[in-house]
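Novice: Encoded as structure tokens, here's the structure I'll be asking about.
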Amino acid sequence: MNATMMPYPLTLTHILERSGKLFPKTAIVSRMPDRSLQRHTYDDFYRHARALAEGLIRLGLVRGDRVATLMLNHYFHLGAYFGIPAAGGVVHTLNLRLAPMDLSFIENHAGDRFLTVDDVLLPLYEKMRAGTKFERVIVVPLTGQPVAKEFVDCEALLRESVNDLTYPDLDEREGAAMCYTSGTTGVPKGVLYSHRALVLHSLAMLFADCAALAERDVILPVVPMFHANAWGLPFAAPLVGARLVFPGPHLDPESLLDLAEQERVTIAAGVPTVMMGIADAVEKYAGRWKLLPGLRLMVGGAAPPEALIRRLDKHGIRLVHAWGMTEATPLATWCNPMPQMECWDADAKYEVRSRQGRPLPFVDLRGVGAEGEVPWDGKTPGELQLRGPWIASSYFNSPDEQSKWSDDGWFRTGDVATIDPDGYVRIRDRSKDIIKSGGEWISSVDLENALMAHPAVAEAAVIAVFHPKWQERPLAVVVLREGVTATAQELRELLADRFARWQIPNAFVFVQEIPHTSTGKMFKAQLRERFKDLSADAESHFACRCLDTMA
Ligand code: AMP
């Protein structure tokens with residue numbers, strides 16, 4: 003065969019170099035824990051990421067090593083997103099909201115050698131520390147307090163670098179980033195993202211019918227950077243030279259709106275719970291914020307209610323809807339109405355905008371039902387399956403976890419959807435037994451196993467019920483053994499050791515019996531139907547405030 007093009011690898015180091023050369027003066031703004039704003043430029047970022055890479059190599063990092071981050075959304079986390087892969091390592095973002103036991107499981111499973119942690123998050127590190135095997139812990143002194151001798155001071159590490167980094171000869175298929183997701187069997191699963199996947203995913207985000215990110219944009223990633231590559235923004239923004247504005251730990255709607263106004267944000271990204279808070283605030287304090295006309299809120303992680311899209315429109319804020327998964331880097335579909343829909347009436351247009359959208363270029367999708375592939379008729383539901391260059395082909399170090407891939411190589415999402423003739427996906431249901439509350443997963447199987455360890459519990463089912471703020475909250479349905487008793491408080495205390503506070507069901511319902519299917523599985527669909535009206539009384543049943551206070 004004749005030679006074609008150069009075998010130039012698609013790697014993150016190209017994005018890093020490009021940002022340093024082309025956009026050196028562009029700003030990166032971070033709100034710090036003390037609420038002050040720190041301003042850096044892409045030139046600072048370029049030097050910082052390279053100095054971090056040098057420092058990690060001095061500490062002994064070798065190709066493929068995983069370096070965990072326990073960090074908020076700010077400039078230093080962006081530095082880790084690039085500095086670790088630039089050294090040949092894999093940046094492994096740890097979810098700050100998980101229980102310490104889950105975090106140490108994940109760290110062990112990933113085999114992380116190093117940890118980079120914000121000093122304000124050291125108390126969380128201390129809780130997981132006993133179960134972890136990090137060789138070195140690098141502390142980012144956000145507060146300016148001295149770093150204890152047992153840790154590596156990140157500032158000092160950077161100062162010792164002399165700008166002599168030579169990038170390793172990276173293969174685009176090598177791992178660059180990693181993120182764990184909640185498994186349906188309760189055990190978290192790791193996804194290892196290649197340089198190539200991250201680069202192609204970033205390019206897809208620039209597509210005009212996707213996020214259409216451009217140099218003129220000012221991007222506010224509210225979605226935590228420990229979630230699936232914070233939806234691609236930290237990689238796509240330096241590629242195009244868009245300004246980045248990071249909220250740090252201040253995720254309440256008023257702080258976010260202040261920041262969006264002050265920094266003239268053009269696009270922010272977060273889960274529906276965050277966007278609902280924003281809608282509430284702009285309605286409550288009408289006219290308080292002078293936001294940029296055409297501000298877009300990219301929403302994903304769960305379906306935004308159509309009413310939310312309508313509410314925000316009234317304030318000139320456009321909610322744009324995307325669907326994806328940790329296993330899909332994460333974006334797979336984006337919802338943009340087609341040009342011919344512009345003349346549709348308002349209700350029809352809102353209906354379209356609340357759909358999950360059409361596949362991004364290079365993402366193949368299909369719905370599969372009991373009889374095989376379902377037609378794209380907008381009516382027949384099937385499990386959504388994906389294929390493409392940024393869709394995972396396996397879980398990290400989990401050779402026995404292949405059931406999520408079909409025999410012909412498609413990824414089985416566990417989401418049940420219809421696809422219409424134009425390719426718009428609408429998620430109808432979820433076949434995976436898992437609960438998503440405020441954008442965070444809660445494993446029903448894990449909760450059930452823990453509850454059934456109580457001597458008084460004969461059987462327990464944990465199901466999702468609707469909640470107006472968190473979208474879903476767990477409800478425990480419990481059958482007690484004859485002659486013994488347990489209270490909801492006792493069960494709550496039992497779970498408190500093992501689960502994060504927000505993962506614990508707020509309501510426990512005691513029943514005589516749990517219905518079963520013909521194959522002996524708990525018939526959760528019936529339970530969900532039976533208890534669906536609990537949502538009417540949601541606030542008293544689920545007075546869950548803990549997510550509000552989470553970092
Ligand atoms: P994660 O891996 O944590 O990003 O979660 C991915 C899952 O979240 C998907 O499989 C869906 O169940 C759900 N999800 C993500 N985005 C949406 C959306 N826009 N609408 C409905 N569900 C969503």
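Residue numbers for the sequence shown follow the working numbering, beginning at 3 and rising by one.
Using N, Cα and C, we set each Cβ at its ideal position, and we do this for glycine too.
None of the values given here were measured: they were computed from a predicted structure.
#1: Is D539 helix, strand or coil by DSSP?
#2: My understanding is that D173 touches P274, with C-beta atoms under 8 Å, so please give their C-beta distance in whole angstroms.
#3: Which word fits D550, buried or exposed, when buried means at least 16 other C-beta atoms lie within 10 angstroms of its C-beta?
#4: If you follow the beta strand (DSSP E) that V119 is in, where does it begin and where does it stop?
#5: Considering C212, what are the terminal residues of the alpha helix (DSSP H) in which it resides?
#6: Return the bridge partner residues of V513 from the DSSP annotation.
#7: Exposed or buried, what is Q358 when buried is set at 16 or more other beta-carbons lying within 10 Å of its beta-carbon?
#8: Starting from P223 and walking both ways along the beta strand (DSSP E), at which residues does that stretch end?
#9: What does the Cβ neighbour count give for C345, buried or exposed, with the cut at 16 atoms within 10 Å?
#10: To which residues of the same chain is R313 closer than 8 Å at the C-beta, ignoring the five residues directly before and after it?
#11: Less than 7 Å separating the Cβ of H42 from some heavy atom of ligand 1?
#12: DSSP three-state call for S400: helix, strand or coil?
#13: If you draw a straight line from the alpha carbon of M524 to that of V189, how long is it in whole angstroms?
#14: Determine the contact status of L14 and P87, defining contact as a CB-CB distance below 8 Å.
#15: Would you mind reading off the limits of the beta strand (DSSP E) that contains P476?
#16: Is there contact between the stretch 142-149 and the stretch 160-168, where contact requires at least three CB pairs shorter than 8 Å?
#17: Give every residue of the same chain whose Cβ lies closer than 7 Å to the Cβ of V224, excluding the five residues on either side of it in the sequence, and list them in chain order.
#18: For Y83, which residues of its own chain have a beta-carbon under 6 Å away from its beta-carbon, when the five flanking residues on both sides are left out?
#19: Check each candidate in A466, A509, Q342 and G22 and name the one with the smallest Cα separation from A239.
#20: Looking at F413 and M180, is the spacing between their C-beta atoms short of 8 Å?
#21: Based on Cα-Cα distance, which residue from G384, A158, G289 and V427 lies nearest to E373?
#22: Give a yes or no on whether the C-beta atoms belonging to V447 and V479 are separated by under 8 Å.
#23: What separation, rounded to the nearest whole angstrom, lies between the Cα atoms of T382 and E442?
#24: In terms of residue numbering, what span does the alpha helix (DSSP H) encompassing A452 cover?
#25: Is I429 close to ligand 1? I mean its beta-carbon at under 7 Å from any heavy atom of the ligand.
#26: Return the residue from the list V486, S433 and L333 that minimises the CA-CA distance to V201.
#27: Is the stretch 127-134 close to the stretch 210-222, with three or more CB pairs under 8 Å?
#28: Just the Cα atoms here: how many angstroms apart are V322 and L293?
#29: Figure out for me which residue from M73, L453 and R41 has the closest Cα to the Cα of V122.
#30: What separation, rounded to the nearest whole angstrom, lies between the Cα atoms of A458 and K316?
#31: Could you work out which residue in A55, L194 and E152 is closest to T95 when comparing CA atoms only?
#32: Among residues of its own chain, excluding the 5 on either side of A70, which ones have a beta-carbon nearer than 8 Å to its beta-carbon?
#33: With H, G and I counted as helix, E and B as strand and the rest as coil, what does DSSP make of L293?
#34: Could you pull the start and end residues of the alpha helix (DSSP H) that S106 belongs to?
#35: Roughly how many whole angstroms lie between the Cα atoms of P99 and N4?
#36: On a CA-only basis, which of L39, D36, A89 and H42 is nearest R52? Give me that one, please.
Specialist: The answer reads as follows:
#1: Residue placement at D539 is flagged as unreliable, the pLDDT there being 41, under the threshold of 50; the coordinate-derived value follows with that caveat. D539 falls in the helix class under three-state DSSP.
#2: With a Cβ gap of about 38 Å, D173 and P274 do not count as contacting.
#3: Legend: pLDDT at D550 = 34, less than 50; position of this residue unreliable, value from coordinates given subsequently. D550 is exposed by the Cβ-count criterion.
#4: F116 to D120
#5: C212 -> no alpha helix (DSSP H), and no H or E assigned at all.
#6: BP columns for V513 are empty, so no partner.
#7: buried
#8: V220 to P223
#9: exposed
#10: A281 and E285
#11: no
#12: coil
#13: 20 Å
#14: yes
#15: Q473 to L482
#16: no
#17: P249, L253, L258, A270, A271, G272 and V276
#18: V93 and P236
#19: G22
#20: no
#21: G384
#22: no
#23: 29 Å
#24: S446 to M454
#25: yes
#26: L333
#27: no
#28: 17 Å
#29: M73
#30: 53 Å
#31: L194
#32: H94, T95, L96, E109, A112, D114, F116, L117, T118 and F136
#33: coil
#34: P102 to A112
#35: The residue asked about is misnamed: residue 99 is Arg in this sequence, not Pro. Looking at the two C-alpha atoms, the distance is approximately 53 Å.
#36: A89
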